[in-house]
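Read through the structure below, which is laid out as structure tokens, and then see the notes.
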Amino acid sequence: MKMKIKAIAVNTFKESARNKMFYLLVFFGILFALSSKLISFLTLGDAIKVLKDTGLAAINFFCVLIAIFTGINLVYKEIEKKTVFNILSKPVSRDQFIIGKFLGLALTMLTALAAMAGIFFLFVALSGGGFDLKIILYFFMLFLELLVIVAISLLFSSFTTPILSFIFTVSLYLIGHIMWTFNEFKLILRVPFWKYFTQALYYLLPNLDKFNIKNEVVMNTALNPWTIFFSVLYALAYILALLAVTILIFRKRDFQ
Amino acid sequence: MMPGRLLVAVFLAGLLLAAGVQNRYDTTVDYFANRDTFVSLPSGKTMKTLSFGYSNLAADLLFIWSIQFYSTTYLTNRFDFLERVYDTITDITPQYKEPYIIGSLIMVYEARDIPMALRLLDKGSRHNPEEWFFDHDAGYYCYKFLKDFAKAEFYYNRAAAKPEAPAFIKRLNAHMVYLRDDHKVAYQMWLEIYNNARDTLEKDVAFNHLYQIKAENDLALLKERIGIFRRQFRRWPATLSELLSSRLLAALPGDFAGNEYIYNPEQGTVSAARVFKWKRP
Chain A
0 MKMKIKAIAV NTFKESARNK MFYLLVFFGI LFALSSKLIS FLTLGDAIKV
50 LKDTGLAAIN FFCVLIAIFT GINLVYKEIE KKTVFNILSK PVSRDQFIIG
100 KFLGLALTML TALAAMAGIF FLFVALSGGG FDLKIILYFF MLFLELLVIV
150 AISLLFSSFT TPILSFIFTV SLYLIGHIMW TFNEFKLILR VPFWKYFTQA
200 LYYLLPNLDK FNIKNEVVMN TALNPWTIFF SVLYALAYIL ALLAVTILIF
250 RKRDFQ
Chain B
0 MMPGRLLVAV FLAGLLLAAG VQNRYDTTVD YFANRDTFVS LPSGKTMKTL
50 SFGYSNLAAD LLFIWSIQFY STTYLTNRFD FLERVYDTIT DITPQYKEPY
100 IIGSLIMVYE ARDIPMALRL LDKGSRHNPE EWFFDHDAGY YCYKFLKDFA
150 KAEFYYNRAA AKPEAPAFIK RLNAHMVYLR DDHKVAYQMW LEIYNNARDT
200 LEKDVAFNHL YQIKAENDLA LLKERIGIFR RQFRRWPATL SELLSSRLLA
250 ALPGDFAGNE YIYNPEQGTV SAARVFKWKR P
């Protein structure tokens, strides 16, 4: 079973890595991260703070783009090109297919992130920011966020078209970063039903801002280890839930 | 088909014509005639929400824009939006320290609005309670521009209580107490600084202040007693010791260095060897 998942994961990784879009986004991610130096020249005071801010934001943005673009196409392409028949006609279950796809995408994200993060980490050090280990922690948290995004895009990719998957995933990504407003919104609601509905949405939708520790990294403020621990647990639980739904949907799909 | 040379000629002629038209247009327009501007910014909270997790970047870009905007000196009403701009930036990321410092500098030196600067620095201090420099800057502006030494003392006192406050904040605090004429408390504060000085600079500064405070107190007393002496004996005392023999003084005070004060018997004036004019208006 492990070998089959591994084979699908490796194949998914190779397929993603062959995609020119992947290289283009990684290239632009690095380019924008390095051009943060230019923006830092324009500020007054702590230029390293601006350099880190803009660089991390650029890497974050391009990694999210990679996660969405590779994720939304993956399963859909297999179905469209009918290659899914080849795979599923072999002794590979649909569950193994989805898990393999997810792991392959996770490996793709890890590669892209490692390339961008490694270069940026050295760039910050050479620019006078020193070897800031908090940046590594930031990239770890970003990787968790990317895994959640990959799982979301995989879910949509399993039952709808790439354009709709893109819209749904981007919407969830944006909502996921303003989840804190739900708590405030709840306070102004008077009807109990809507209060509970908002509360339910708050727990149902992915809270991606949980993984955002840019402020702590850039401002060099204290990081609560419990926050990190709960974020890791949250990511694992959410990914498990998303994969379970994806598998359930994929099991019921009738490929014609 | 159009020959290549003709195409080049058309290209050059086109460019020349475009430049000519632009030049002609520029002579009819005064680009700097409109010296009014308008800035409309959503609230910091809205900006934070709309930045979707990139709030730090949003604050950075807004801050960089504000530096360029407030360097555009021909915009005469640019200060109308000053507080709003820096409030928005600091609402997005309250821990971002530079906007408080740079914003208050613009408010003080460009807009000449000290209370506005104090409001911004108070906000900075509230959101970054461990940082001493917001209170230090606020204290300096109160001292330098408002001449409100009590308020300056309040800020310096608060700054001095911060964990990483440098030693000179305590000295500034003591100096403010001296400037608002509470000599007794100021002397005690400077004495504590003098006794716990960690380097010669600190010791020398404290020494000068102790010298000055003691001299001001002693000279005021001596001048008063010399005046009484003159009223009683219708002449100036020949020496300061005469104040002792006439029982106007129990003991002759000396300066902080242990020297006697300089007395002029012809004019009845008394002075110290060193004078620091810290209370000049």
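Quick mapping for you: the protein sequence lines, in order, are chains A and B. Here the first sequence stands for residues 0 to 255, where the numbers follow numbering that gives the first Met the number 0. Here the second sequence stands for residues 0 to 280, where the numbers follow numbering that gives the first Met the number 0. Quick reminder that beta carbons are idealized off the backbone N, C-alpha and C, glycines included.
Range covered by the beta strand (DSSP E) that runs through residue i
i: A/Val-169; result: Looking at the DSSP string, A/Val-169 is not in any beta strand (DSSP E); the run it does join, the alpha helix (DSSP H), is 161-175.
Which residues DSSP lists as bridging residue i, in chain order
i: B/Glu-259; result: B/Gly-253
i: B/Val-287; result: One cannot answer for residue 287 of chain B here, as it falls past the ends of chain B, which runs 0 to 280.
Sub-8 Å separation of residue i and residue j beta-carbons
i: B/Ala-214; j: B/Ala-205; result: no
i: B/Leu-120; j: B/Thr-87; result: no
i: A/Gly-28; j: A/Met-115; result: yes
i: B/Val-269; j: B/Leu-209; result: no
i: A/Ala-150; j: A/Ile-67; result: no
i: B/Asn-156; j: B/His-182; result: no
i: A/Met-108; j: A/Ser-230; result: no
i: A/Val-216; j: A/Ile-118; result: no
i: A/Ile-7; j: A/Phe-96; result: yes
i: B/Gly-123; j: B/Lys-96; result: yes
i: A/Leu-207; j: A/Leu-153; result: no
i: B/His-300; j: B/Gln-94; result: What is shown of chain B runs 0 to 280, which leaves residue 300 of chain B out entirely.
i: A/Leu-173; j: B/Phe-51; result: yes
i: A/Lys-100; j: A/Leu-143; result: no
i: B/Ile-91; j: B/Met-46; result: yes
i: B/Ile-168; j: A/Thr-42; result: no
i: A/Val-49; j: B/Asp-59; result: yes
i: A/Ser-157; j: A/Phe-249; result: yes
i: A/Phe-228; j: A/Tyr-201; result: no
i: A/Phe-167; j: A/Phe-184; result: no
i: B/Phe-144; j: B/Val-107; result: yes
i: B/Ser-65; j: B/Val-84; result: yes
i: B/Arg-34; j: B/Thr-75; result: yes
i: A/Leu-132; j: A/Ile-212; result: no
i: A/Ser-164; j: A/Ile-47; result: no
Continuous alpha helix (DSSP H) stretch holding residue i: start and end
i: A/Asn-18; result: It is not in any alpha helix (DSSP H) - A/Asn-18 carries neither H nor E in the DSSP assignment.
i: A/Ile-198; result: The question names Ile, yet the displayed sequence has Gln at residue 198 of chain A. That run of the alpha helix (DSSP H) goes 191-203.
i: B/Pro-114; result: 113-126
i: B/Tyr-30; result: Per DSSP, B/Tyr-30 belongs to no alpha helix (DSSP H) and is neither H nor E.
i: A/Ser-35; result: 35-40
i: A/Trp-179; result: 179-187
i: A/Ala-66; result: 46-79
i: B/Met-46; result: 43-49
i: B/Gly-52; result: From DSSP, B/Gly-52 is part of no alpha helix (DSSP H); its letter is neither H nor E.
i: B/Ile-105; result: Neither: B/Ile-105 is in no alpha helix (DSSP H) and is coded neither H nor E.
i: A/Ala-150; result: 132-156
i: B/Leu-40; result: Note, B/Leu-40: premise wrong, no alpha helix (DSSP H); not H, not E.
i: B/Glu-241; result: 240-244
i: A/Gly-128; result: Counting along the chain, A/Gly-128 falls outside any alpha helix (DSSP H), and DSSP gives it neither H nor E.
Contacts around residue i, its chain only, beta-carbon distance under 6 Å, and the 5 residues preceding and following it disregarded
i: B/Tyr-186; result: Ile-212
i: B/Phe-255; result: Leu-209, Tyr-210, Lys-213
i: B/Arg-118; result: none
i: B/Trp-131; result: Ala-158, Lys-161, Ala-164
i: A/Ala-98; result: In the sequence under discussion, the amino acid at residue 98 of chain A is Ile, which differs from the Ala named in the question. Only Ile-4 meet the Cβ criterion.
i: A/Ala-243; result: none
i: B/Leu-248; result: Arg-224, Leu-242
Nonlocal neighbours in the same chain, by C-beta distance under 8 Å from residue i, ignoring five residues either side
i: B/Leu-251; result: Leu-239, Ser-240, Leu-242, Leu-243, Glu-259
i: A/Val-25; result: Phe-61, Ile-65, Ala-111, Ala-114, Met-115
i: A/Leu-146; result: Ala-105, Met-108, Ala-234, Ile-238
i: B/Ile-261; result: Val-269, Ser-270, Ala-271, Ala-272
i: B/Leu-218; result: Tyr-260, Val-269, Ser-270, Ala-271
Close Cβ partners of residue i (< 7 Å) along its chain, the five nearest in sequence each way excluded
i: B/Phe-275; result: Asn-207, Gln-211
i: A/Asp-94; result: Ile-246
i: A/Phe-130; result: Ala-124
i: B/Ser-103; result: Ala-116, Leu-119, Leu-120, Asp-136
i: B/Asn-55; result: Thr-92
i: B/Lys-278; result: Leu-178
i: B/Phe-80; result: Val-38
i: A/Lys-36; result: Leu-50, Ser-126
i: B/Cys-141; result: Asp-147, Lys-150, Ala-151, Tyr-154
Quiz item: Which ranges would you report for the alpha helix (DSSP H) in the segment 63-99 of chain B if only whole runs of at least 4 residues count?
Solution: 81-91
Self-check item: Contiguous alpha helix (DSSP H) assignments of at least 4 residues, all confined to the segment 199-237 of chain A
Solution: 213-217
Quiz prompt | Against chain C: residues of the segment 106-126 of chain B by CB proximity under 9 Å | solution = Checking the listed chains, one finds no chain C in this structure; the protein chains it contains are A and B.
Self-check item: Start-end ranges of the beta strand (DSSP E) lying completely within the segment 95-124 of chain A, minimum 3 residues
Solution: The segment 95-124 of chain A contains no complete beta strand (DSSP E) run of 3 or more residues.
Exercise. Write down every uninterrupted run of the alpha helix (DSSP H) in the segment 156-235 of chain B whose length is 4 residues or greater and which is fully enclosed by it, in chain order.
Key: 167-178, 182-194, 199-232
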